[in-house]
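This report concerns only the one structure given below.
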Amino acid sequence: MPHAPELILSLERIAAKIRIDVIKMIAKAGTGHPGGSLSATDVMTALYFHHMRHDPKNPKWEERDRFVLSKGHVCPALYSAMAESGYFPVSELMTLRQLGTRLQGHPAMQYLPGLEITTGSLGQGLSAGLGMALAARVGKKEWRVYCMMGDGENDEGQIWEAAMAAGHFKTDNLTAILDRNSLQIDGCTENVMCLDPIADKWRAFGWNVIEIDGHSMEAIMDALDLATTVKGKPTIIIAKTVKGKGVSFMENNAEWHGKAPNKEQTEIALKELEAQAAKLGVEVSKED
Amino acid sequence: MPAILPKPWQNAGMREAYGKTLVKLGAENPNVVVLDADLSGSTQTKMFGKAYPERFFNMGIAEQNMTGVAAGFAVSGKIPFMSTFAVFATGRNYDQVRQSIAYPENNVKIVATHSGVSVGPDGATHQALEDVALMRGLPYMTVIAPADAVETEKAILAVAKMHGPVYVRLTRSPSPVIFGPDYDFKIGKGVFLREGKDVSIVSTGTMTVPAVQAAEILASQGIDAAVLHMPTIKPIDVDALLKASETRKIVTVEEHSVINGLGSAVAENLAYYNPTRQMRIGTEDRFGESGSAEELYDKYGLTAPKIAERIKVFMKH
Ligand SMILES: Cc1ncc(C[n+]2csc(CCOP(=O)(O)OP(=O)(O)O)c2C)c(N)n1
Ligand SMILES: [Mg+2]
Chain A
1 MPHAPELILS LERIAAKIRI DVIKMIAKAG TGHPGGSLSA TDVMTALYFH
51 HMRHDPKNPK WEERDRFVLS KGHVCPALYS AMAESGYFPV SELMTLRQLG
101 TRLQGHPAMQ YLPGLEITTG SLGQGLSAGL GMALAARVGK KEWRVYCMMG
151 DGENDEGQIW EAAMAAGHFK TDNLTAILDR NSLQIDGCTE NVMCLDPIAD
201 KWRAFGWNVI EIDGHSMEAI MDALDLATTV KGKPTIIIAK TVKGKGVSFM
251 ENNAEWHGKA PNKEQTEIAL KELEAQAAKL GVEVSKED
Chain B
289 MPAILPKPWQ NAGMREAYGK TLVKLGAENP NVVVLDADLS GSTQTKMFGK
339 AYPERFFNMG IAEQNMTGVA AGFAVSGKIP FMSTFAVFAT GRNYDQVRQS
389 IAYPENNVKI VATHSGVSVG PDGATHQALE DVALMRGLPY MTVIAPADAV
439 ETEKAILAVA KMHGPVYVRL TRSPSPVIFG PDYDFKIGKG VFLREGKDVS
489 IVSTGTMTVP AVQAAEILAS QGIDAAVLHM PTIKPIDVDA LLKASETRKI
539 VTVEEHSVIN GLGSAVAENL AYYNPTRQMR IGTEDRFGES GSAEELYDKY
589 GLTAPKIAER IKVFMKH
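Okay, here's the thing in structure tokens:
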């Protein structure tokens, strides 16, 4: 079923806000990972603000859908999605990576309710997601599990162990999202460690594969819906994205993988993101 | 007594020293190969990659595979250096290190950067505080934690010459250079940086500088502390430890868990050879957390004033 244009627009507005949060948080912390946060923003927005069944006021609600951020370094986008959807005050975002914060540099479930598992060491999230998906099966529960991975992260052998197992166990309540921004730290994924034909690889492991433009809210929503209808196999959504999406000088630039913008760069970045937000009709508060 | 450089000490990066030394080794020895796991900019192995692209292998984010491949190089007569962050160089691939490198005593040099809490804001997932414990527990493994950039260079040159598995532990932040160019580094040898009769501080890696500074603070308060820098944690220099134990009180300081690191190695040996009262300073039985390196050093008591404070209390009891 097609989604109402108003719904799509409202999600695009939220994504625009999250991108602004991401830059503000990382600039304030003076450290963090902007590139992969900005590429992952649209998918996370669709999940947290429409697709997933969850209750920010009751993060332990048993029936909730689970989200696993396997590429834990992009937690600024996740923290923002959580705060903007009501898990904790938006003002807390500015404590990112600082001593005493619940917003650890990599997501730590023991610090912040709403995080389903602790990640940051790449390659481990999909296995945990599979465990959650199988737990639903054992407990005759309806919850679904969503796991976002990086494409560089697909270098890790454990990802393929989990992929094989999920295919084997036919976990159709598990949806993986591959943030296919084609960059990792040392450069282009295809130069560092060739991944393509990545869709064929996942298919060969028993997965249903959907390839989309990861910045098209409509395509994201359709793919997430479609994934829930596929029976007998897990689905992976390969979301083609732009690392650093929305900030011109960060886009497609590996240098912005894990670096905070300085004051000047922050101003430029925010100006660009605020212009995009304004175009979508978002009122951007000036004070913080 | 080997003098350390007079102050002011200049800062320099261990990682840069590592990268430069690899290039030097590459020129001297065509058998040197280098492997990295998508962190060649952070570990500085990219310098070698630039100089000798045909002997440099970026294995992607796949540390277990990298470890096995390094073993394959070693059994084929090459001298592989493999690098990534300390958590991923020792923990992620522990079984590969154990089975393919340590047990068959293969000539692989594991050189890890970003050890300890000084990794800072990345938080506990990236702060290796058990890496020495893991590596030290492996038979045949040599474990070295240099104190500065000069010692890093000397240690890398030395481990390239010895045969067998080695773990070298480096850190992220630049640190004061305390050793001069003619400092004589030897694998397995500790160095007294200061004599003292009241207490001996035994330190390794990044904690040697604060240990020296703590000894200076203590001196101004009438406590005469020796400082024994122990770059090689395994095999440990028992003779130097015996000499240090003459003060009858020993304090170990390391940027690592107090469990199974330098402190444990010292205690195990002195318990047999010359039981001595000992206080272990390091991170307690806990994970790290996000924060700046300075804040975390302060919170965990790893600054010179905090170390001195604890030693003062220890001296009273
Ligand atoms: C096991 C492990 N090895 C290395 C790292 C260091 N690291 C953090 S992010 C990253 C690159 C990730 O690339 P990708 O998965 O493509 O993420 P994105 O482009 O979305 O930021 C690396 C190597 C890590 N966090 N975990
Ligand atoms: Mg990527």
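Going down the list, the sequences are from chains A and B. Counting in my numbering, the first sequence runs from 1 upward without gaps. Counting in my numbering, the second sequence runs from 289 upward without gaps. Even for Gly, the Cβ is constructed at its ideal location relative to N, Cα and C.
CB contact flag (residue i, residue j, <8 Å)
i, j, result
"LEU310(B)", "VAL465(B)", "no"
"ARG64(A)", "PRO409(B)", "no"
"PRO289(A)", "CYS75(A)", "Here chain A covers residues 1 to 288 and nothing more, so residue 289(A) does not appear."
"ALA499(B)", "ILE432(B)", "no"
"VAL322(B)", "PHE344(B)", "yes"
"ALA260(A)", "GLY30(A)", "yes"
"PRO437(B)", "GLU304(B)", "Residue identity differs from the one stated: residue 437(B) is Ala in this sequence, not Pro. Their beta carbons are under 8 Å apart, which means ALA437(B) touches GLU304(B) by this criterion."
"LEU603(B)", "ASP512(B)", "Checking the sequence, you will find Met at residue 603(B) rather than Leu. Not in contact: MET603(B) and ASP512(B) (Cβ atoms no closer than 8 Å)."
"GLU274(A)", "ILE14(A)", "no"
"ASP155(A)", "ALA448(B)", "no"
"ALA416(B)", "PRO519(B)", "no"
"GLY478(B)", "ALA528(B)", "yes"
"SER70(A)", "CYS147(A)", "yes"
"ASP326(B)", "GLY152(A)", "yes"
Contacts of residue i in chain B (Cβ-Cβ under 7 Å)
i, result
"ARG97(A)", "PRO409, SER578"
"VAL192(A)", "ASP326, ASN346, GLY348"
"ALA136(A)", "The contacting residues do not exist; ALA136(A) stays about 26 Å from chain B at best."
"THR31(A)", "PRO409"
Where residue i falls, given that 16 or more other Cβ within 10 Å makes a residue buried
i, result
"GLN387(B)", "exposed"
"THR413(B)", "buried"
"GLN104(A)", "buried"
"GLY468(B)", "exposed"
"VAL420(B)", "buried"
"LEU224(A)", "buried"
"GLU441(B)", "buried"
"ARG137(A)", "exposed"
"ASP186(A)", "buried"
"THR378(B)", "buried"
Secondary structure of residue i, DSSP reduced to three states
i, result
"PRO464(B)", "strand"
"PRO368(B)", "strand"
"ILE444(B)", "helix"
"ALA269(A)", "helix"
"PHE49(A)", "helix"
"GLN384(B)", "helix"
"ASP55(A)", "coil"
"LYS485(B)", "coil"
"ASN208(A)", "strand"
"VAL546(B)", "coil"
"THR241(A)", "coil"
"LEU516(B)", "strand"
"GLY167(A)", "helix"
"TYR79(A)", "helix"
"ARG536(B)", "coil"
"ARG13(A)", "helix"
"MET302(B)", "helix"
"MET148(A)", "strand"
Extent of the continuous beta strand (DSSP E) run through residue i
i, result
"GLY570(B)", "565 to 571"
"ASN562(B)", "Element bounds for ASN562(B): n/a, residue is neither H nor E."
"THR520(B)", "520 to 522"
"ASN346(B)", "344 to 346"
"PHE67(A)", "66 to 69"
"VAL399(B)", "397 to 401"
"VAL357(B)", "It is not in any beta strand (DSSP E) - VAL357(B) instead sits in the alpha helix (DSSP H) that spans 351 to 363."
Contacts that residue i makes with chain B (C-beta to C-beta distance below 9 Å)
i, result
"SER121(A)", "VAL375, PHE376, GLY379, ARG380, THR413, HIS414"
"HIS106(A)", "ASP410, GLY411, ALA412, THR413, HIS414, SER578"
Residues that residue i contacts on chain A, provided the C-beta gap is smaller than 8 Å
i, result
"GLY329(B)", "ILE185, ASP186"
Chain B contact residues for residue i, given Cβ-Cβ distances below 8 Å
i, result
"GLU153(A)", "ILE349"
Residues that residue i contacts on chain A, provided the C-beta gap is smaller than 7 Å
i, result
"GLU543(B)", "Residues of chain A passing the Cβ test: none, with the nearest at roughly 17 Å."
"GLU441(B)", "Correct list: empty, because the minimum Cβ distance to chain A is about 24 Å."
"GLU583(B)", "LEU99"
9 Å Cβ cut-off: residues of chain A touching residue i
i, result
"GLN352(B)", "GLU156, GLY157, GLN158"
Start-to-end residues for the alpha helix (DSSP H) that takes in residue i
i, result
"THR118(A)", "Where THR118(A) is concerned, there is no enclosing alpha helix (DSSP H), given that its DSSP letter is neither H nor E."
"ARG424(B)", "419 to 424"
"LEU130(A)", "125 to 138"
"LEU323(B)", "Where LEU323(B) is concerned, there is no enclosing alpha helix (DSSP H), although the beta strand (DSSP E) it sits in stretches over 320 to 324."
"VAL601(B)", "592 to 604"
"GLU503(B)", "According to the sequence as given, residue 503(B) is Ala; it is not Glu. It spans 496 to 508 - the alpha helix (DSSP H) in which ALA503(B) sits, taken as one unbroken run."
"TYR630(B)", "This structure cannot speak to residue 630(B), because chain B is shown only from 289 to 605."
"ASP222(A)", "217 to 229"
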